[in-house]
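Numbering-wise, this note's numbering comes out as the position in the sequence shown, counting from 1, plus 34.
Written out below as structure tokens is the structure these notes cover.
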Amino acid sequence: WFCPRRVPPPDQSAPAAPCDGHTQDTNSFFMCRRLRALGVRVARISVVPDDVEAIAGEVSSFASRFTFVLTSGGIGPTHDDVTFEAVARAFGEQIAPHPELVALVHRLFGATDAQRPEMKLARVPASSRLNYGVGSAFEYPLVSVRNVYIFPGIPALMERALDGFAHLFRSEQTRFHSRAIYVAADEVLIAPALDRVNAAFQGRVSLGSYPDWASNYYRVKLMLDSESEQDLEEAHRFLMEELPPGVVVPLVTDCIAPAATEVYGLAESGSALGHKVAAALRTIEEALERYSLAQLCVGFNGGKDCTALLHLVHAAVERYPAWGRRRGSHGLQAGLWIPGLWSPCVMDLSTDGTQRGRRSCRFSTSASCLPSPRWSTSSRPRCRGAGGEGQAVG
């Protein structure tokens, strides 16, 4: 990170900016991850205050050294929205009303004169290009000047814009490949091995070491990155051979996506645990065959047993997606028991890929709480779902 320290003149207050700690930056993380997926290597991130001269200096420096320059924030109707002015100054231009943007501001905000704050959105550098994205047109275009692309600062808008304009930055020739290794040892123990790997593959493979003191499973995460898949695999094999014996942890970072394959593989393994899993799956499959997800409720209190049960249900729905889609079923109800309260919430186990194209297993945070039912210890609750009476699974 580069955060310039600027001492203002005595008659000028210091400009507000992320440098002051008022705003938590998430945009740079999203941009780096998204651009990497597009084959673009991010070389530098700079955080500058809301100051025309400071922004213009950074933009001018970056534009002459890098293929793309992406800015985030500072476009809007208020006094501290100075990015358009700063980019214009970086290239020796003036800002002026753009006819298309003037018409857009009129349409969005109604009749307005040139001095209204809204019209600041229409005043851009003279050589600006308006990019309207692909698919459904964006209401407000992405403004670019030469190789500088000016994104909004609000994370939701920035993320939507970067996804919509990905074609402007995608590299068809470059693909980044990576492998992660999790190590249950301190960095000082594995440092000699890392030095040997770095010396052997320097310039072809990047090796990063990231300690994690909060993890119960590993102490260091090692990341190998390369544009060559072959070089990456060679470096991975070399590193595995160089690390001390027994320190590599076979950590599974995503247990949801392969749930059906892993769980049913265990059930068919013939092991003692596999027999128990198979019996549990038969009960779940019987319930799914008789009832829709909307008619089923899984007792859940956050413990290990019920978490395993939810995982088994998810695996069954993944294995037989037709059960999850039939009769308009959209989610599985999970009964969360809190002393004195009965709080039903919805767990989305749909496999139609509507959640940004990913199959997901998530809890709704907008669940309502109902008065606690007074059940006797000898009775079993009956659940009434959207489609009528159902069965409680626990």
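Glycine is no exception: its CB is placed at the ideal position from the N, C-alpha and C atoms.
Y252 has its alpha-carbon roughly 7 Å from the corresponding atom of D246.
Between the alpha carbons of F235 and V254 lies a gap of roughly 20 Å. When C-alpha distances from P279 are compared across S80, I224, H56, the shortest belongs to I224. Judged by pairs of C-beta atoms under 8 Å, the segment 346 to 353 touches the segment 292 to 302, as three or more such pairs exist. Under DSSP, M257 shares a beta bridge with A214, G242. Taking 9 Å as the cut-off, the beta carbon of I184 is found closer than this to the beta carbon of I109.
Using a Cβ distance threshold of 9 Å, H132 and L176 do not count as a contacting pair. Nearest neighbour of L202 by Cα position, chosen from V281, R68, D288, V332, turns out to be R68. Below 8 Å, enough C-beta pairs join the segment 150 to 157 and the segment 91 to 111 to call them touching: three or more. For R67, the enclosing alpha helix (DSSP H) starts and ends at 61 to 71. Judged by their CB atoms, V76 and E92 are not nearer to each other than the 9 Å cut-off. Remark: C-beta atoms of S260 and S243 do not approach each other more closely than 9 Å. Judged by DSSP in its simplified three-state form, C289 adopts coil rather than helix or strand. Burial state of N61 is buried, judged by a 10 Å Cβ sphere holding 16 or more other Cβ atoms. By the Cβ criterion, the segment 321 to 332 is not in contact with the segment 260 to 272, since fewer than three pairs of Cβ atoms, one from each stretch, lie closer than 8 Å. Note that the C-beta distance between R180 and F125 is below 9 Å. In the three-state DSSP reduction, S95 falls in the helix class (H, G or I). In the displayed model, P159 falls within a strand according to three-state DSSP.
In the DSSP assignment, C340 falls within the unbroken alpha helix (DSSP H) covering 338 to 353. Going by beta carbons, I215 and L266 fall outside the 9 Å limit. Burial check for P292: the Cβ neighbour count within 10 Å stays below 16, so the residue is exposed. Fully enclosed alpha helix (DSSP H) runs of no fewer than 4 residues occupy 293 to 301, 306 to 324 of the segment 273 to 333, in order along the chain.
When the five nearest sequence neighbours on each side are left out, the beta carbons in the same chain lying within less than 7 Å of the beta carbon of A314 are those of L346, in order along the chain. Per DSSP, P131 lies in no alpha helix (DSSP H) segment; the continuous beta strand (DSSP E) that holds it begins and ends at 129 to 131.
In this structure I89 is in contact with V116, their Cβ atoms being roughly 7 Å apart against a cut-off of 8 Å. Sequence-distant Cβ neighbours of P189 in its own chain, meaning closer than 8 Å and more than five residues away, are T60, N61, F64. If you ignore the 5 residues before and after S205, its C-beta comes within less than 7 Å of the C-beta of L72, G73, V74, all in its own chain and listed in chain order.
Taking C-beta separations shorter than 6 Å and ignoring five residues to either side along the sequence, the partners of R70 in its chain run F210, following chain order.
It is roughly 14 Å from the alpha-carbon of T208 to the alpha-carbon of R238. The beta carbon of A312 sits closer than 8 Å to those of A301, E302, all from its chain and outside the five residues before and after it, given in chain order. In terms of Cα proximity to D197, the closest of Y166, D85, A227 is Y166. Under the three-state reduction of DSSP output, F185 falls in the strand class.
A straight line joining the alpha-carbon of V103 with that of P226 spans about 38 Å. Note on R123: 16 or more other CB atoms within 10 angstroms of its CB, so buried under the neighbour-count rule. In this chain, the beta strand (DSSP E) harbouring V177 covers 176 to 179.
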